[in-house]
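Remarks on the structure that follows.
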């Protein structure tokens, strides 16, 4: 029997990738998003938001470890952490592995996503929402950043891509990064997912440029994500993780992390910060930065 | 946002049709079949079995009325009816509209489908399973026909298509029709769904030929089914519904049917039995009949 | 090997149909359109314009015979005919079969399409472009109608669907039909393709309403077109073909047509003008007409 | 307008990737294969063989440079080279860049592919077929290897994947590698494409194991190939390219290669031989080797 129940993810209007769905496990529509948990034939359980594979048990650990640990291991004693987005709770899960962390504030706009995660995504958050250090806030991340009086050692942006007419594109601009800087402690840093070097290379580079413009120090990592059908990128600001050697990373993991990492170690660190030549060339070539007036979007 | 959650139905390995799914309402896997109830963007609620659109609220009434009424209105006083298949309960629903009917035995092999229908498909069966005239049997239709001691006035076959290596293909053969004849009262008749004149015209004609071979009198009707992406066919044996005029059909509906029909009336009757020229030509040309030794299959 | 070379035709943004391509036989891009001749696995040779199956050797004869003959056979002695569109030359081919026809003017905007047809589509036009009665004009049909001093017995519109932001949508409005009326002889009539009753029923009915508004007499026919994945409709103005009986049609074909028809005869005539009940109901319900100010479009 | 002309490549029966085709530039069917040159919207010109993207101007240089140079730069003075497959002529093009090379024998089974390449794929071979060192043989590579009396310094296998019931799967077995060893000079080596670590990781590892079994020394590299929708792997036998440092590679390129490389250099070398952790783990876990009796196949 030919496969018939498909997620067709459009990376651009001229590229689509079809993943066979074995079963729909849960589905909800909030006022913000269409949320669906499925069993994929290839990836096992996968979370789909608005038609995009958000994360799957097959490789979410690669994404979340690479978003969180290069930043936190580059900081001296990260204690007070802010996460924007990250509804599944997996970014939170990784942050909480750091022994130095005393408090994590997670701000997500969509209560339905959070309730969905609590109810169905235990394999993702693994109880992180119940950790006594976790403070969960339902609200608009942009507004939260403008209004909070607190200061953070690290801010992690686990957001949807900058899509035109969405609300998230503003969270990739110079103006927003400046707001972040104001609520960051001295020597603090940020990390953000940075879209796909395969499908939106210019966006990836522009996010890097914009972070660098504001934080002076910036680094970019990448990895292949099978469930995203291509490469995926991350950008870090205020820190220089790539200056840490393989052995330093392994040593810091040993000292500072409680629990196991599945992907990230000194070896994977080196791979992730060694960008392919044709990507490096684009870093040389493109000098665009994203502003509220001239924001960057993923192609749609 | 481009559509991303799709049923892709393969009519043949070289034709597929994609219908956008708005939401999955229920899903189950039995040992026989994968059953899914969805909300389609185009058709509203739809039942999908093993990747085939089985029936949708958009046009299931056309299918079920055309399967049932030409047969029952051609018979004198149909009282004891047998249905094989028809899990949604909509064929049953149509049969029960006939005032002359005293008893309907419905045999379906898949208890899970029946329970699914009872639980989720009220808009299809509309309570037909609870009618005191209904006798529901979970079991193999082929075996039931071989073993029953009862005689029926009408037998209605609402089965999946004759697919190679399935169990249903035997229920379209000469041998099986002969078994049906043995449990039919004098002047009784049968009706069967007969696959798509668009995608499997040879199968449609062969079913007609096979029914004619056994029952001597046979008729074929057809209609366009949007949710099946093409024409759909039906074959009747032992009766000659096409000999009834528009007015006779309207008169018999008035006298013999309790409740309303949405599609079938004298006018639709005439349309349905007026086969297009290129289909009639195939009836002239093809003289194949389906036997257990040389059965006919839909292309796959 | 699973099929890999596909035409995916989008009937609406939530319905697509995939037809396997065996080979691309010719392809051209004009300033107006993308033209492609392929060998389909299911339909044989097929012409694709801007991603829409325009006509295939499998069933183009049904479309073109039903567009042309109900109109011309309803007229007394059609002699001077105007065709707008119809680049393949198949509408022209059908018109030229009428012995009464002395002259056919065909106006098509896209010279590349015409040259493509002359070069590759002989099975469609069958030499019709070379007929001494044919007068071919490359130009804008709308303008031609405004500027011509001639009068015609019949005008046939074989146009692309009324798509938003296209130029063709204006050729389905009341204002345009009034222009047509001015260049029509007394007792003349028009025929137009009228989109799909399956995918754009409201447009089909609105075209009928608009034609009726202007020409007082209007009729609608339909047929199932496999290569269009659904039903297809036609509207005639100034004539009443449905009032002709089966026998009258057969008789007129015998007297007035040179050459063979493959689909259209008295029997097919009756079928084509017998609209299904649910379509008739929409004719009762919808009273919209299309104007330049409030035009009707197919969903896109 | 939604995209309508698609290559749908099936990586497995439960994963497909759609690439929009702008235009078909050339198409031929040989007795072995269906060959098509298209203009892709995303990748520019691309060669499709039997529905698989074979190579595109977007990234073919990555594939061909990584197949050829790690092997040839690991050898001392490679002079006499054998290529099996590689119809586009791009592997040949890369081999000819080595100043030490005196003679390249290329054996391809499909004359139509070669003629197609000569006629349409100049951007791939760039005249390599006309090089005086090139000796082109149309024939079965398997047989050639069994019958030749020559000895080679390097053998490069640029073959289609090991597909069940194809002829190519035998060219990935222990028995075949032993035949290769017999026609290899002392200190010679081989390189083979090794399928996708994303879609057929077990096959990739098994090819490595099999090469190692026969040649004792074996290495594996990989890269992300956008046009193949995932990672792609290569295996080298009889040599240890990964033991060469970044600087040694850069130095050898300078000394031994005439013309420019676009991707491969010391830096890219290091990246390509640094396999991700989860792939390394599979190298530990899987110890299967492929034999003619128990061959390995890609999933289909």
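Protein chains in written order, with the UniProt record's numbering: chain F, 1 to 300; chain L, 1 to 300; chain A, 1 to 300; chain R, 1 to 300.
No residue lacks a Cβ here, since even glycine has one placed at the ideal position from N, Cα and C.
CB contact flag (residue 63 (chain L), residue 225 (chain L), <8 Å): yes
Residue 2 (chain A), DSSP secondary structure in three states: coil
Residue of R:1, R:205, R:126 minimising C-alpha distance to residue 259 (chain R): R:126
Own chain partners of residue 265 (chain F) with C-beta closer than 8 Å, once the 5 adjacent residues on each side are dropped: 249, 250, 253
Pairwise C-alpha distance: residue 117 (chain A) and residue 128 (chain A): 11 Å
is_contact[residue 276 (chain F), chain R] using C-beta, thresh 8 Å: yes
Beta-carbon separation (whole angstroms), residue 195 (chain R) vs residue 233 (chain R), contact threshold 8 Å: 6 Å
Simplified DSSP state of residue 141 (chain A), which is helix, strand or coil: helix
Residue-level contact to chain F via CB, residue 50 (chain L), 8 Å cutoff: yes
Runs of beta strand (DSSP E) wholly within the region 49 to 87 of chain L (minimum 3 residues, chain order): 52 to 56, 80 to 85
Cβ-Cβ distance between residue 76 (chain R) and residue 209 (chain R) below 8 Å: no
Interface flag, residue 45 (chain L) vs chain F, CB-CB below 8 Å: no
Residue 303 (chain A) - partner residues in DSSP beta bridges: For chain A, the structure presents residues 1 to 300; residue 303 (chain A) sits outside this window and is missing.
Residue interval of the alpha helix (DSSP H) (run including residue 250 (chain A)): 246 to 256
Below-8 Å beta-carbon distance, residue 13 (chain F) vs any chain R residue: yes
Under 8 Å (Cβ pairs) to chain R, residues found in the region 251 to 276 of chain F: 263, 265, 267, 268, 270, 271, 274, 276
Spatial distance of residue 242 (chain A) from residue 14 (chain L) (CA atoms): 38 Å
C-beta atoms of residue 131 (chain F) and residue 96 (chain F) nearer than 8 Å: yes
Own chain partners of residue 175 (chain L) with C-beta closer than 6 Å, once the 5 adjacent residues on each side are dropped: 292
Top-ranked residue by Cα proximity to residue 51 (chain R), from A:114, A:20, A:163, A:133: A:20
Entirely enclosed beta strand (DSSP E) segments - the region 95 to 127 of chain F, minimum 3 residues: 103 to 108
Residue environment, residue 1 (chain L), which counts as buried when at least 16 other CB atoms sit within 10 Å: exposed
8 Å Cβ cutoff, residue 101 (chain R) in contact with chain A: no
Contact check, residue 268 (chain F) vs residue 276 (chain R), beta carbons under 8 Å: yes
Per-residue DSSP class, three states only, for residue 149 (chain A): coil
Per-residue burial, residue 229 (chain A) [other beta carbons within 10 Å of its own, 16 or more giving buried]: buried
Buried versus exposed, by CB contacts within 10 Å (16 or more), residue 305 (chain A): For residue 305 (chain A) there is no data in the structure shown, the boundaries of chain A being 1 and 300.
Minimum Cβ-Cβ distance from residue 23 (chain L) to chain F less than 8 Å: yes
Contact check, residue 344 (chain R) vs residue 157 (chain R), beta carbons under 8 Å: Outside the displayed span of chain R (1 to 300) sits residue 344 (chain R), for which this structure offers no information.
Close Cβ partners of residue 227 (chain L) (< 6 Å) along its chain, the five nearest in sequence each way excluded: 43, 53, 56, 58, 59
Contact with chain L by residue 224 (chain A), beta-carbon distance below 8 Å: yes
Contact list for the region 197 to 210 of chain A against chain L, Cβ threshold 8 Å: 198
Residues near residue 211 (chain L) in its chain [Cβ-Cβ closer than 8 Å; skip 5 each side]: 177, 190, 192, 218, 235, 236, 237
Closer than 7 Å at the beta carbon, the chain A residues around residue 16 (chain L): 18
Proximity test, Cβ basis, 8 Å: residue 285 (chain R) and chain F: no
6 Å Cβ shell around residue 120 (chain R) - same chain, five flanking residues per side excluded: 26, 37
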